[in-house]
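Letter by letter, the sequence shown follows residues 164 to 309 in my numbering. Before any comments, here is the structure.
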Amino acid sequence: MSTQRAASPKSRTPKRGLNIVLWVLQVLLAVFFAVASALPKLTGHPSADPTFDAIGYGDWFMYLVGALELAGAMALLIPLLSGVTALAFIALMIGAFVYEVTVIGSGFWYTPVILIALFTFIAWGRWDRTMALFALVAGQSRASTA
164 MSTQRAASPK SRTPKRGLNI VLWVLQVLLA VFFAVASALP KLTGHPSADP TFDAIGYGDW
224 FMYLVGALEL AGAMALLIPL LSGVTALAFI ALMIGAFVYE VTVIGSGFWY TPVILIALFT
284 FIAWGRWDRT MALFALVAGQ SRASTA
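Next comes the structure, spelled out in structure tokens:
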């Protein structure tokens with residue numbers, strides 16, 4: 164007879180201190196992306212226009228990115244979505260880094276790199292929630308095909 168017990172879902176969740184750090188970081192990044200990043204794009208602020216004109220996509224792409232940033236900011240605050248949202252923001256910041264280096268070249272390439280590091284930390288810390296979301300979606304898809 165084995166004396167090992169299966170790991171309970173509670174044992175895979177972050178410790179209290181780490182959980183607090185993750186929540187503080189998630190709230191700060193959510194506020195940053197909602198107010199400082201999405202809002203100028205969604206309101207058509209003059210500071211946002213030239214960057215999107217430079218890549219040739221124009222206003223529609225600026226509004227799309229702003230809407231995605233706002234949706235991501237809100238999703239960072241939803242526990243089940245926080246991990247997968249961090250992964251999505253990593254992808255967005257990789258695009259921002261490539262754009263910064265190839266199109267703008269203003270020397271602020273480190274901003275998306277810092278954000279990638281922060282979102283990677285969140286994705287790591289919320290990995291249990293990401294797996295729970297994937298399990299939920301997989302369970303729903305199996306139930307709908309039965």
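The C-beta atom is built at its ideal place from N, Cα and C for all residues, glycine as well. Just so we're clear, the structure is a prediction, and the values are computed from it rather than from any experiment.
By the neighbour-count criterion, in which a residue is buried when 16 or more other Cβ atoms sit within 10 angstroms of its Cβ, Phe297 is exposed. When rounded, the separation of the alpha-carbon atoms in Met294 and Lys178 is 17 angstroms. Rounded to whole angstroms, the separation of the alpha carbons of Tyr273 and Ser200 is 16 angstroms. Of the other Cβ atoms in all chains shown, 16 or more fall within 10 Å of the Cβ of Ala193; this residue is therefore buried. If you ignore the 5 residues before and after Leu281, its C-beta comes within less than 8 angstroms of the C-beta of Leu188 and Leu192, all in its own chain and listed in chain order. Residue burial annotation: Ala211 is buried, with at least 16 other C-beta atoms found within 10 angstroms of its C-beta. About 7 angstroms separates the Cβ atoms of Arg289 and Leu185, confirming a contact at the 8 angstroms cut-off.
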